[in-house]
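Asker:
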Amino acid sequence: LLPKFADLVSCASLLVCVLNFLLAHVPPSRLRKPLNDAVAYPVRTATGATYTLGCVAFLMHAHLQDAQRLMPKVDDLLNELLSKDPVIERYDLVVDAVIMTGCGNYKGLLAVGAADRQLEI
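One point on numbering: in my numbering, the residue at position 98 of the sequence shown is 247, and numbering is uninterrupted.
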């Protein structure tokens with residue numbers, strides 16, 4: 150995902166991508182503020198949807214464009230790893246959704262027993 154001698158900016162972009170993936174999969178009941186809260190998550194798409202990748206980059210003072218370039222690579226790697234688990238199912242959000250994550254979305258990722266199965270993979 151990163152060059153052999155990664156610089157700090159590349160590492161920060163990778164961290165933004167990983168945090169975005171995690172934020173996209175936290176159950177709503179575990180969030181302090183819902184993802185559609187405009188104050189807590191201020192970055193929006195052109196359609197007004199919350200853009201989680203943009204929000205994480207904004208909060209970390211990272212370059213959104215760098216994270217946007219890296220997110221598909223991170224997403225491909227995670228898809229490759231998670232596709233080995235038969236319980237986890239990838240799905241795509243509707244384009245005009247209220248929340249846009251910029252990454253793949255997986256049903257069953259945080260289901261009971263999922264961590265044990267993923268550690269085996």
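Backbone N, C-alpha and C define an ideal beta-carbon position, used for all residues, glycine too.
CA-CA distance, Asp224 and Ala206?
Answerer: Here residue 224 is taken as the residue at index 75 of the sequence shown, counted from 1. Here residue 206 is taken as the residue at index 57 of the sequence shown, counted from 1. The alpha-carbon atoms of Asp224 and Ala206 are separated by roughly 16 Å.
Asker: Threshold first: 3 residues or longer. Then list the beta strand (DSSP E) segments lying entirely within the segment 219-250, N to C.
Answerer: The segment 219-250 contains these whole beta strand (DSSP E) runs: 238-240.
Asker: Do you know how far the Cα of Val236 is from the Cα of Lys256?
Answerer: Taking the first residue of the sequence shown as position 1, residue 256 is located at position 107. Taking the first residue of the sequence shown as position 1, residue 236 is located at position 87. Cα-Cα distance, rounded: 8 Å.
Asker: Look up Asn169 in the DSSP assignment and say whether it is helix, strand or coil.
Answerer: For the purposes of this step, residue 169 is identified with residue 20 of the sequence shown, where counting begins at 1. Helix at Asn169.
Asker: Under the rule that 16 or more other beta-carbon atoms within 10 Å means buried, what is Thr196, buried or exposed?
Answerer: Here the question's residue 196 lines up with position 47 in the sequence shown. Its Cβ having fewer than 16 others within 10 Å, Thr196 is exposed.
Asker: Across which residues does DSSP place Arg193 in a beta bridge pair?
Answerer: In the sequence shown, the residue the question calls residue 193 occupies position 44. According to DSSP, Arg193 bridges with Thr199.
Asker: To the nearest angstrom, how far is it from the Cα of Leu184 to the Cα of Ala173?
Answerer: Within the sequence shown, numbered from 1, the residue matching residue 184 stands at position 35. Within the sequence shown, numbered from 1, the residue matching residue 173 stands at position 24. Their backbone Cα atoms lie some 9 Å apart in a straight line.
Asker: Quickly, what does DSSP pair Asn254 with across the bridge? List them, please.
Answerer: Looking up residue 254 in the sequence shown gives position 105. DSSP, once it has assigned bridges, lists Tyr240 as partnering Asn254.
Asker: Nearest-angstrom Cα distance between Asp234 and Gln217?
Answerer: Here residue 234 corresponds to residue number 85 of the sequence shown, with the count starting at 1. Here residue 217 corresponds to residue number 68 of the sequence shown, with the count starting at 1. Roughly 26 Å between the two C-alpha positions.
Asker: Which of helix, strand or coil does DSSP assign to His174?
Answerer: The residue labelled residue 174 in the question sits at position 25 within the sequence shown. Three-state DSSP puts His174 in a helix.
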